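Report on one structure; see the data block that follows.
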Amino acid sequence: HFGINPLAIIRALYSNITNKHKIGASTITMQVARMMHHKSRTVKQKVIEIFQALQLEFYYSKDEILQLYLNNAPYGGNIEGFASASFKYFHIAPSSLSLSQIAYLTSIPKNPNRNRPKVNRDINSIKNRLIDRLYNIGILNKKEYNRAKREGITINITPLPNKIPHLSVQINSGTKIKTTIDLSLQTKVQQLITKRCKALEKYNIHNGSAIVIDNKTMQILAYIGSQDFNDNRYGGQNDGVIALVSPGSTLKPLIYAKALEQGIITPLKKLYDVPLFINGYQPTNYSKTYLGEVTATEALQYSLNIPAVELDRLLGDKSLYEILKKINIGSLNQAKSYYGSALVLGGWGLPLINNAELFASLANGGVYQPSSYILDKKYNKRRILSKESTYLVSNILANAPRVEFSSSWEFIKDMPKIAFKTGTSAHAKDMLTIGYTPEYTVGVWYGNFSGKSSKVYRDKYATGLYTASPTLFQIFQILNSKTWFNKPKNIIKKKICQDAIKIGECKNKVIDSLIKEVIPHTPCLAMRAEVLSYLIKNQTIESIESLSTHKCYKQWTNYKPLITSPINSKTYTFNKYLPKELKKTALQCYSFNANSTIYWLIDNQTPIISQSGEKIYRYLTPTRHNISCLDEGAKIRSVTIVNQEL
């Protein structure tokens with residue numbers, strides 16, 4: 004036939020209309036069409052199946068259609084596909100089945116609810132009916148027939164082995180592949196995730212996931228999607244390896260690596276950890292404090308937010324956004340302006356697998372390559388960072404002070420050298436740690452698929468360091484990776500000026516690790532109004548005039564004042580029943596002028612005098628206001644706000 008049997012369809016239609024015994028009319032091809040959609044058996048759906056059957060016959064051979072049928076046919080319960088049934092009922096591959104076993108399995112799809120072993124115990128009669136028919140139509144000879152009739156088959160139903168359930172969901176039904184998964188490692192990592200989730204339940208943390216990658220081949224060795232695939236209460240069938248989760252601070256090493264190769268920093272070069280205002284947004288550190296001047300190494304090891312955001316700003320068109328865009332990270336689907344500083348601080352979604360691949364690129368000398376769980380399948384490589392900058396960053400991450408790890412001491416006391424970075428999202432919804440050695444990269448995440456916060460998100464323990472790092476350390480103990488990176492020949496030792504911004508003669512000179520032929524420099528943009536205010540308040544300089552010999556001095560003195568409060572175009576809402584003293588608007592402005600006196604011009608009122616960086620408060624009526632900050636150099640910046648009372 005050509006996919007349908009018109010006579011059978013007419014016969015079935017007549018039988019159904021006359022209310023006689025209902026008979027079927029579907030060919031194998033039509034059944035394949037129905038399996039593709041699992042729709043209800045209506046007249047409309049039957050017509051659709053007929054047309055799809057004709058299409059299948061046009062594009063596929065009879066053997067290919069039969070293979071599609073066997074790979075998708077129902078075999079009782081939730082078993083689909085001939086191969087699954089073979090393993091489920093006989094515990095062997097289809098190629099090892101006897102003729103009798105094949106005959107029985109082939110008979111099940113005709114009526115799976117009646118013919119499956121749990122319902123019909125007389126399985127030998129079922130297989131014998133097909134054996135008789137095959138003999139009668141000449142497919143089996145006498146010898147084959149007698150042997151098949153004599154053979155009794157037995158069924159021993161046990162659960163199908165499924166060590167990689169989340170990956171199994173991704174693999175098309177009926178597809179036969181060889182995976183890269185190390186089953187021994189997979190089992191051990193799954194046990195670690197499950198055990199850790201049990202310990203974290205009291206903090207309202209119910210799920211976790213992990214991935215282990217071989218850096219040389221980029222093969223996935225372990226893939227844990229959740230703490231228990233069968234846990235319906237907490238969404239165990241969700242896949243935490245590919246789910247969008249906040250990366251927290253984990254991507255900061257990429258920014259530092261790029262800044263190192265651009266010469267903006269060296270490991271011991273100092274950065275400013277002082278208040279920062281960007282278009283009305285003020286990022287803060289996790290501790291809500293500022294450390295002032297810190298080295299680049301300290302800033303990364305302590306995961307300070309301000310230096311990371313500032314470095315990303317100074318990188319311009321070589322920032323984190325451009326790095327991620329270069330390798331087509333799928334979840335990065337908006338313009339750069341859409342993300343702003345949130346990209347640096349984890350205010351977006353990145354799958355754990357992509358995060359781990361990015362860290363594997365650090366291990367592979369700056370070369371990025373997607374991972375794979377299919378043996379012999381490889382993707383194209385692309386360089387995103389230099390091997391010199393990734394080497395320096397790897398050493399910074401591996402040599403972080405271990406004081407913070409007292410709670411995890413049992414896991415790290417015998418730990419080999421590991422470069423790792425922790426990350427924690429807002430309200431501790433996502434807590435993760437990514438780490439690597441030359442051989443392996445490991446990513447671990449804990450949180451809730453529901454998006455609910457940890458009960459202790461205001462606690463110091465609600466971090467990737469406390470929740471995820473212990474598991475990461477345990478996995479590396481299993482991997483037993485003890486090698487470290489060889490120093491690239493272009494890494495040299497040289498004396499540098501450590502000052503964040505050189506003021507007159509260099510005050511701090513140190514021997515540092517540099518990338519040969521990369522000239523360290525401080526961009527003029529590094530001098531922000533907030534930094535100038537910090538330097539003056541700490542008596543490092545008297546005024547901007549103290550920097551008159553600096554190459555950037557002329558550029559700095561041309562900067563307009565920076566209004567950090569109020570925020571331009573924002574509407575401020577106050578309770579109308581509150582007294583005026585509680586409805587005041589904060590005014591703060593930083594000037595680059597030598598004289599730090601500034602003048603506030605609010606609408607047409609008398610100017611208000613304050614100092615650069617000083618925060619003052621004034622009551623403003625509930626209406627629109629034009630507010631300007633004028634410095635002694637006659638440079639002015641303005642904002643417009645609306646105050647309203649409800």
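Residue numbers are given in our numbering: position 85 of the sequence shown equals residue 88, and the series is strictly consecutive.
From the three backbone atoms N, C-alpha and C, an ideal C-beta is built for every residue, glycine too.
Note that the structure is predicted; figures quoted are calculated from it, not measured.
With fewer than 16 other Cβ atoms inside 10 Å of its own Cβ, C509 counts as exposed. Bridge pairing for Q304: absent [DSSP]. In this structure, the alpha-carbon of L565 lies about 6 Å from that of S594.
Collapsing the DSSP output to three states places L353 in a strand.
Under DSSP, S641 takes part in a beta bridge, and its partners are S631. Here K328 is exposed: its Cβ has fewer than 16 other Cβ atoms, across all protein chains shown, within 10 Å. By the criterion of at least three beta-carbon pairs nearer than 8 Å, the region 148-156 is in contact with the region 125-133. DSSP places S536 in the uninterrupted alpha helix (DSSP H) bounded by A532 to K540. Positions of the beta strand (DSSP E) runs, each at least 3 residues long and wholly inside the region 162-217, are given as 210-217 in order along the chain. Measuring C-alpha to C-alpha distances from I68 to each of Y78, Q34 and T609 identifies Q34 as the nearest. Rounded to whole angstroms, N489 and Y469 show a C-alpha spacing of 31 Å. At the C-beta level, V248 and L353 come within 8 Å of one another. Under the three-state reduction of DSSP output, C592 falls in the strand class. Excluding five sequence positions before and after Q193, the CB atoms of its chain that fall closer than 6 Å to its own CB belong to I227, given in chain order.
In this structure, I160 is the residue among K505, I160 and P569 with its C-alpha nearest to the C-alpha of S87.
Counting only runs that start and end inside the region 430-503, the alpha helix (DSSP H) elements of at least 4 residues fall at 467-470 and 472-482.
Distance from the CA of F362 to the CA of P115, rounded to the nearest whole angstrom, comes to 49 Å. For F452 against Y237, the beta-carbon gap comes to about 7 Å, under 8 Å, which counts as contact. The beta carbon of D634 sits closer than 6 Å to the beta carbons of P564, S594, N596 and I601 from its chain, once the five residues preceding and following it are set aside; these are given in chain order. Taking C-beta atoms as the reference points, T393 and G368 count as a pair closer than 8 Å. Listed in chain order, the beta strand (DSSP E) elements of length 3 or more contained wholly in the region 544-608 are 565-568, 574-577, 587-593 and 600-605. In the DSSP assignment, the residues bridged to P77 are E83. Here the alpha carbon of D379 sits roughly 28 Å from the alpha carbon of Q230.
Contact check for L303 and P256: beta-carbon distance about 7 Å, within the 8 Å limit, so the pair qualifies. Burial state of V172 is exposed, judged by a 10 Å Cβ sphere holding fewer than 16 other Cβ atoms. Its chain contains Y575, L623 and P625 as the residues whose beta carbon lies nearer than 6 Å to that of N646, once the 5 sequence neighbours on both sides are disregarded; these appear in chain order.
Per DSSP, L133 lies in no beta strand (DSSP E) segment; the continuous alpha helix (DSSP H) that holds it begins and ends at I126 to N139. The residue from S340, K485 and A529 with its alpha-carbon nearest to that of Y275 is A529. Straight across, the Cα-Cα distance linking I326 with I387 is about 6 Å. Take K420, set aside five residues on each side of it, and the residues of its chain with a beta-carbon closer than 6 Å to its own are A401 and W487, in chain order.
A residue is called buried once 16 or more other Cβ atoms fall within 10 Å of its Cβ, and I82 is buried on that count. E296 is not a Cβ neighbour of A532, given a cutoff of 8 Å.
Distance from A299 to T269 at the Cβ level is roughly 7 Å; contact confirmed, criterion being Cβ atoms closer than 8 Å. Of G450, I140, E442 and K381, the smallest CA-CA separation from S212 is found for G450.
Distances from the CA of I495 to each of E520, F479 and L482 were compared; the closest alpha carbon is that of E520.
Minimum Cα-Cα distance from G266 among the listed residues T32, T525, P441 and F90 corresponds to T525.
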